[in-house]
Amino acid sequence: MDFGPHLLLASLEGAVTAAILALTAMGLSIVFGVMRVVNVAHGEFFMIGAVIAWAVASSFTGNPAIGFIAALIVAPLIAGIIAAVADKLILQRVNYDPDRTIVATIGLLYIIQQTALMTFGPDARPVTPPFNTRLSLPWFEIGESGFVMTWPWGLSTTSYKLFVIVAAIAVLTGLWVLMTRTKAGLIMRATQQDSETAQAFGVPVKRVYSYVFGLGAGLAAVGAVLVVPIQQAHYLMGHDPLLLSFIVVIIGGLGSLPGTVIAAILIGMSDGIISVFFSPTLAKIIATLVVALVLVFRPHGLLGKKV
Amino acid sequence: MASVNILSTKGLTKTYGGIDANMDVDFELQRGKVTALIGPNGAGKSTFVGMICGRISATRGEVFFEDQNISSMPAHKRIQLGIAYTFQITSVYAGLTLLENTAISARRRLGKDNVAVNAKALEVLERVGLADRAHQIAGDLSYGHQRVLEIALGLAQDPVLFILDEPTQGLAETEIDDFVDLINALSGDTTILLIEHNMDVVMRTADQITVLEFGKTLASGTPSEIHNNQAVQAAYLGTAVDA
Amino acid sequence: MTKNSLYSHCLHFGTIALLVALFFLLPAYHVGNLSRIMVLAVYAMGFNLLFGYTGLLSLGHALFFATGMYGLGMAMNTFGLPSELALIVGVVCAILVSTAIGLLALRTTGVAFMIVTLMFAQAGYLTVLYFGSYTRGDEGFVIQQAERIFAGVDITGETSRYFAALILFSIVFLLIAYLVRSPFGRTLVAIRENEERTKMLGYDTVRHKLLAVIISGSISGLAGAAYALLFGYVGATFATVQYSIFPLLWVLLGGAGTTLGPLIGVVFMFYLIDLSSELTQAYMLIAGVVLVLLTLFAPQGLAGEIRRKVFKWLP
């Protein structure tokens, strides 16, 4: 394949990565934004989503779409409930102290991950996509005979991958409406601004925190359900999304939601493109170093405002 | 020979996002005297002393201590020259004992000599009347006692210049009397710069008063001069003294 | 000598004497475990100096441990240096890396400091994988038994290995015990308790924190180098996040900011994992549960709770 078509292919892969990443990172960002805590177990809620998606999807026979839709509803719900319970049992009791929350969520990470190992097992398991039509893509060139349209071999994507991108945009739009147009969003933003004042005005801050923590986990789980038809479910799969979400949230500015989306597209696309042309390990080394240096020299992120 | 002024500032200015907290403050502090810095809330008093001791970086302007330009020195270097500072919002080592608190303060000058450090740490606790609580955890003290410990942390450094930011805030009447006695006992050897809202304390301790308003010096002089100053009365004293 | 420092001397030398005695009392299996525990305790003590005494939570200490480990391992295997020289190479590498990380990471505070150290360690781990042709990546490499002679002593035998580990442990243990009672150590505690106040008492907090990172990183690197030398294996596992979390777990469990805490924490955790891995392959579950329970119920750790409730003088 020539460079041009190859780049297009890489960009498409990157767009899928970016879509999943935007959902997952958004969960982390909302939790940080509203509650001011770093959830190190975030990647494990992603993993829970994937594992439950597999469990739900494989319990349905017949059309894979039915199982998939069921998974899309059930997995985020269960992940959200587990997160809300963890918030109530653990985080609330350490008063969201930043340091102790990090230690507690590290503990939570291992509890969830190892429980998955004990129940789900060490094997990677696939989920059948609800639809998976292969779509060949055209490429345009200006050759000797003028403008021509070619169909390079290997330049293709699947209908499912396009669906993932559309679905992510839909969920994020819904989230935006929730945050800006509804009472629940108003309450969340009020809590984010000043939790003590919000409390004084009758906002049940503790319950809001539980919902927000659940919502964050749910978003990660949605991302995971979307990803399992492409990438298999595995008990250790939470590690990379956690790292990448961290990177996105930091580059985008801690707690800034538009920043998170932009950074997710940036990181997802460049990760996809760099991984196609270079070694994925090198791409990750560069990404982690960039994040560390951004935090050192631009602690409010590239787009974040000074608090 | 040392000059009359131990400390002076020239055009000291602090701007927060376009708003001037302090505007071109020229200020002189006389050696061995107690100088009170007064002014309404938001006049920029804390910002001003913060810039003197290096806690807050100045937008522009200069600070001279013992005829040495210290404007570009980091805070800890300025403190090492003999400037002690007590916080407006109590900032003690809440998790450590009182003795450990004052020992940390004394140790910076006395170093490895444990006997001298301990002696000094106990001495200042005695001086402020907290010696019987030396082995209590500072965080368990009442608010007033923590304020007093804050002052003890300053004393333990044997400062040349002692800057106190609203030291009597939240103290009981008897504690305020003790504080006034302490300041009067220190004056002479130690130069004291006091931010104070309680005009009674100011009148009982200060040799000199400087009034700040809207980040600028409104007036400077002896207590009686300030008391009779029309501008000051209009701006500040008229309400505060009677209140 | 005050009563408290007499007690703490008794405690420290008593601990070392107990470890000597245990060699003769314990069956071979536990002696082997204890050698490993003592080296890991050195790692935990290095971490504790920064976390427990200075109040800086690094989530990337595996970088320093692995630096020491690979510094020694590659000096011996790739460049054929004798073990004594290789140990120095390992420690020097750790000093350099911790200085660089300290200079960068200390520009941040709190949560950002944790994430920055985590990220640098992750980059370090990936670098080990990326240069797999030299480091042998995940697989790691073995340091040949014939090479593992230190100062003329073959340290592959159970006895010599135990006492090599014990000597290393004792040196670091006493060094830390001395350090935390020194003016330097007291200043670190002051920074942990209230950094702004400490700065405004005239202490150069930036320099103290940098020194703390360097000393902590170097001790961790020394532990990594010793681990490679004594147990003959160098691998990327030791650079993973998990090995950054372990010292946190040990120190929290044993008691942060206590001299004895790291050893207690490693002993407990080692046997807890040892026992549970016989039952299930999900042995890290125990680590997770312990971490959560500790944050909830005993944030001071075992030694810390003992200090709070019984012996106030505990160093």
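Protein chains in written order, with the working numbering: chain A, 3 to 309; chain B, -14 to 228; chain C, 777 to 1091. In this text, a Cβ means the ideal position worked out from N, Cα and C, and glycines have one as well.
Residue-level contact to chain C via CB, residue i, 8 Å cutoff
i	result
residue 60/B	yes
residue 241/B	Since the first residue shown for chain B is -14 and the last is 228, residue 241/B is missing from the structure and cannot be characterised.
residue 133/B	no
residue 96/B	yes
residue 248/A	yes
residue 101/A	yes
residue 40/B	yes
residue 53/B	no
residue 142/B	yes
residue 281/A	yes
residue 1/B	no
residue 24/A	no
DSSP state of residue i mapped onto helix, strand, coil
i	result
residue 1089/C	coil
residue 309/A	Its pLDDT being 37, under 50, residue 309/A is placed unreliably in this model, and the coordinates cannot settle the point.
residue 970/C	coil
residue 28/B	coil
residue 200/B	coil
residue 4/B	strand
residue 228/B	Residue placement at residue 228/B is poorly supported in this model, since its pLDDT is 36, which falls under 50; the coordinates still yield a value, given next. The answer is coil: DSSP assigns residue 228/B none of H, G, I, E or B.
residue 46/B	strand
residue 216/B	helix
residue 874/C	helix
residue -9/B	strand
residue 65/A	coil
residue 254/A	helix
residue 146/A	coil
residue 178/A	helix
residue 190/A	helix
residue 841/C	helix
Contact set between residue i and chain B, taken where Cβ atoms lie within less than 7 Å
i	result
residue 966/C	78, 89
residue 962/C	89, 92
residue 959/C	92, 96, 97
Under 7 Å by beta carbon: chain A residues contacting residue i
i	result
residue 890/C	104
residue 755/C	Outside the displayed span of chain C (777 to 1091) sits residue 755/C, for which this structure offers no information.
residue 795/C	Within chain A, no residue comes near residue 795/C; the closest Cβ sits about 29 Å away, beyond 7 Å.
C-beta neighbour in chain A for residue i, strict 8 Å
i	result
residue 1058/C	yes
residue 871/C	no
residue 895/C	yes
residue 1071/C	yes
residue 906/C	yes
residue 898/C	yes
residue 1063/C	yes
residue 1068/C	yes
residue 1093/C	Because residue 1093/C is not part of the residues shown, which for chain C are 777 to 1091, the question remains open.
residue 925/C	no
residue 881/C	yes
Interface partners of residue i on chain C, CB under 7 Å
i	result
residue 286/A	902
residue 81/B	969
residue 95/A	1072
residue 276/A	Here the premise fails: no neighbours, minimum Cβ distance about 13 Å.
Proximal residues of chain C, C-beta to C-beta of residue i below 8 Å
i	result
residue 138/B	973, 977
Neighbouring residues, chain C, relative to residue i (Cβ below 9 Å)
i	result
residue 64/B	975, 976, 977, 978, 979
Amino acids of chain A, ordered along the chain, whose beta-carbon sits closer than 9 Å to that of residue i
i	result
residue 1040/C	In chain order: nothing, as chain A lies at least about 18 Å away.
residue 833/C	101, 104, 105
What residues in the stretch 971 to 1004 of chain C bring their beta carbon closer than 8 Å to a beta carbon of chain B? 972, 973, 974, 975, 976, 977, 978, 979, 980, 981
Taking three-plus beta-carbon pairs below 8 Å as touching, is the stretch 208 to 219 of chain A in contact with the stretch 65 to 74 of chain A? no
Pairs of beta-carbons, one from the stretch 999 to 1011 of chain C and one from the stretch 835 to 853 of chain C, closer than 8 Å: are there three or more? yes
Which residues, in order along the stretch 118 to 129 of chain B, keep a beta-carbon less than 8 Å from a beta-carbon of chain C? none
Identify each residue in the stretch 112 to 126 of chain A for which the Cβ-Cβ distance to at least one residue of chain C is less than 9 Å, and report them in chain order. 112, 113, 114, 115, 116, 117, 118, 119, 120, 124
At least three beta-carbon pairs within less than 8 Å, the stretch 147 to 160 of chain B to the stretch 172 to 192 of chain B: yes
Can we say the stretch 44 to 64 of chain B touches the stretch 97 to 115 of chain B, given the rule of at least three CB pairs closer than 8 Å? no
Would you say the stretch 259 to 271 of chain A touches the stretch 5 to 19 of chain A, given that touching needs at least three Cβ pairs under 8 Å? yes
Is it a yes or a no for the stretch 934 to 949 of chain C touching the stretch 808 to 817 of chain C, going by three-plus beta-carbon pairs under 8 Å? yes
Decide if the stretch 236 to 256 of chain A is in contact with the stretch 35 to 49 of chain A; the criterion is three or more beta carbon pairs, one per stretch, under 8 Å apart. yes
With a threshold of 8 Å, are at least 3 pairs of Cβ atoms found where one atom belongs to the stretch 117 to 126 of chain B and the other to the stretch 59 to 79 of chain B? yes
What are the residues of the stretch 1019 to 1034 of chain C that lie near chain A, defined by any Cβ-Cβ distance shorter than 8 Å? 1021, 1024, 1028
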